[in-house]
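Colleague: Following my numbering, the numbering of the sequence shown begins with 58 at its first residue and continues without gaps.
Backbone N, C-alpha and C define an ideal beta-carbon position, used for all residues, glycine too.
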Amino acid sequence: MKAHDVTMGRRQFLKMATAALAAPAAASLAACSNADSAGSPAAAPASGSGVEGFDGTLVVGFDQEFPPYGYVGNDGAYTGFDLDLAQAVCQREGWTFKPSPIAWDAKDGLLNSGQISCIWNGFTIEGREGDYAFTDPYMENRQVVVTRADSQIATLADLAGKNVVTQSDSAAYDLLNADGAQAELAASFAQLQTIGDYNTAFMMLESGAVDAIAVDYPVASFNIAGRQDSFKILDEALNSEHFGVGFARTDAGQALADQVQRDLQALDAEGKVKELCEKYADQGVSYDLWVLPKA
Numbered sequence: 058m059k060a061h062d063v064t065m066g067r068r069q070f071l072k073m074a075t076a077a078l079a080a081p082a083a084a085s086l087a088a089c090s091n092a093d094s095a096g097s098p099a100a101a102p103a104s105g106s107g108v109e110g111f112d113g114t115l116v117v118g119f120d121q122e123f124p125p126y127g128y129v130g131n132d133g134a135y136t137g138f139d140l141d142l143a144q145a146v147c148q149r150e151g152w153t154f155k156p157s158p159i160a161w162d163a164k165d166g167l168l169n170s171g172q173i174s175c176i177w178n179g180f181t182i183e184g185r186e187g188d189y190a191f192t193d194p195y196m197e198n199r200q201v202v203v204t205r206a207d208s209q210i211a212t213l214a215d216l217a218g219k220n221v222v223t224q225s226d227s228a229a230y231d232l233l234n235a236d237g238a239q240a241e242l243a244a245s246f247a248q249l250q251t252i253g254d255y256n257t258a259f260m261m262l263e264s265g266a267v268d269a270i271a272v273d274y275p276v277a278s279f280n281i282a283g284r285q286d287s288f289k290i291l292d293e294a295l296n297s298e299h300f301g302v303g304f305a306r307t308d309a310g311q312a313l314a315d316q317v318q319r320d321l322q323a324l325d326a327e328g329k330v331k332e333l334c335e336k337y338a339d340q341g342v343s344y345d346l347w348v349l350p351k352a
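#1: So, for W161: in the same chain, excluding its five sequence neighbours on each side, which residues have a beta-carbon less than 6 Å away from its beta-carbon?
#2: Put L116 into one of helix, strand or coil per three-state DSSP.
#3: Is DSSP giving Y337 helix, strand or coil here?
#4: Between L291 and T204, which are expected to be in contact by the criterion C-beta below 8 Å, what is the C-beta distance as a whole number of angstroms?
#5: For chain C, check one thing: does any of its Cβ atoms lie closer than 8 Å to the Cβ of E293?
#6: Taking only runs of the beta strand (DSSP E) that begin and end inside the segment 118-150, which ones reach a length of at least 3 residues, in chain order?
#7: In whole angstroms, what is the alpha-carbon distance linking I159 and I173?
#8: Quick test of the definition: if touching needs 3 or more C-beta pairs under 8 Å, does the segment 301-312 touch the segment 188-206?
#9: Taking Cβ to Cβ, would you say E298 is nearer than 8 Å to T136?
#10: Since L324 and M196 are thought to touch, with beta carbons under 8 Å apart, how far apart are those beta carbons, to the nearest angstrom?
#11: Am I right that S157 and V117 are in contact with their C-beta atoms under 8 Å? What's the rounded C-beta distance?
#12: Measure the alpha-carbon distance for V330 versus L321 and round it to whole angstroms.
#13: CB F384 to CB L216, shorter than 8 Å?
#14: Using 10 angstroms around the beta-carbon of S278, count the other beta-carbons present and answer buried if the total reaches 16, otherwise exposed.
#15: Specify the secondary structure class of T223 as computed by DSSP and reduced to three states.
#16: Kindly give me the distance between the Cβ atoms of F111 and L313, rounded to whole angstroms, as I take these residues to be in contact under 8 Å.
#17: Should F147 and L167 be called a contact, given that it needs their Cβ atoms to be closer than 8 Å?
#18: What is the DSSP secondary structure of F304, counted as helix, strand or coil?
#19: Go through its chain and collect everything with a Cβ distance to T223's Cβ below 8 Å, but skip five positions before and after it.
#20: What did DSSP end up calling S278 once you bin it into helix, strand or coil?
#21: What's the C-alpha gap between A206 and W152?
#22: Note down the Cα distance separating G171 from L140, rounded to an integer number of angstroms.
#23: Looking at the strands, I want to know which residues DSSP matches up with T153.
#24: What residue from A143, E150, Q144, F123 has the CA that sits closest to V108's CA?
#25: Which stretch, first to last residue, makes up the beta strand (DSSP E) that contains F288?
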């Protein structure tokens, strides 16, 4: 893990995740404290954003257990590549940046009710085009399969008869469900399980409770860094996809998406995007995968 002084052993990370599951009340208190701290504006909030109904506070909905895009660092603060991007946009605009950890399967209700301004968290566009007001794609990604290092699974075909787990309502699940592009592959599994977060999925894989995980490449890269003796990523990927920032499918949501996209293009021109990619390079983020066209 790399973000300021955010470094920790991968096993320590998993232990912390287990502790968090056992102590939700403490985690909630920490989240409230972090939101107050990280949400402090870098400049005065915009008094006139030009977007009807937007008050200058960008409430960013994200999964706090989805590194390297959004997670809780060793210092207890929210961090990650996408959160850093969002904060840089807010600094350009003079908006207040407010990270808001969410339950991933509740994201649509939170967005459409106005409790969050956007979903910005390695959010896959493909298959969701009609559900959100998206920015243009800014990052290419792929869905991969992780197995134990000593597993005999070497290709996707080897997953036949195996127990596979993925995050509920994730891009990987969308690929593997009955209507997905990899439905035929999933039909060969002994079982396709879903779980709320990938930390638990990696614990399940390590313990032998499942045979493989379907997951975003950067998340896989983050979790196996320094643990290649325990895990491996299959060379054959499930697909290639693209990330965007998702807003409510309204005129105001589209206006915000358009403004954020312009800011991302400006940040790229200034070198800020490349700087952040390099900051998270050891977690699978690469500027070579940045796909947002120049302004």
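Modeller: Per the coordinate set shown:
#1: D120, D226
#2: Looking at the sequence shown, residue 116 is not Leu but Val. Note: V116 maps to strand in three-state DSSP.
#3: coil
#4: 7 Å
#5: Among the chains of the structure shown, chain C does not appear; only one protein chain is present.
#6: 127-129
#7: Their Cα atoms are separated by approximately 9 Å.
#8: yes
#9: no
#10: The Cβ separation is near 13 Å, so there is no contact.
#11: 6 Å
#12: 8 Å
#13: The question about residue 384 has no answer here: the residues shown for the chain are numbered 58 through 352.
#14: buried
#15: strand
#16: That belief holds up - the Cβ atoms of F111 and L313 are roughly 6 Å apart, short of 8 Å.
#17: Looking at the sequence itself, residue 147 is Cys, so the reference to Phe does not match. No.
#18: In the three-state scheme derived from DSSP, where H, G and I count as helix and E and B as strand, F304 is classed as strand.
#19: A229, Y230, L233, L249, Q250, T251, I252, A258, I270, A271, V272
#20: helix
#21: 46 Å
#22: 19 Å
#23: T114
#24: E150
#25: Under the DSSP assignment, F288 falls in the beta strand (DSSP E) whose first and last residues are 288-290.
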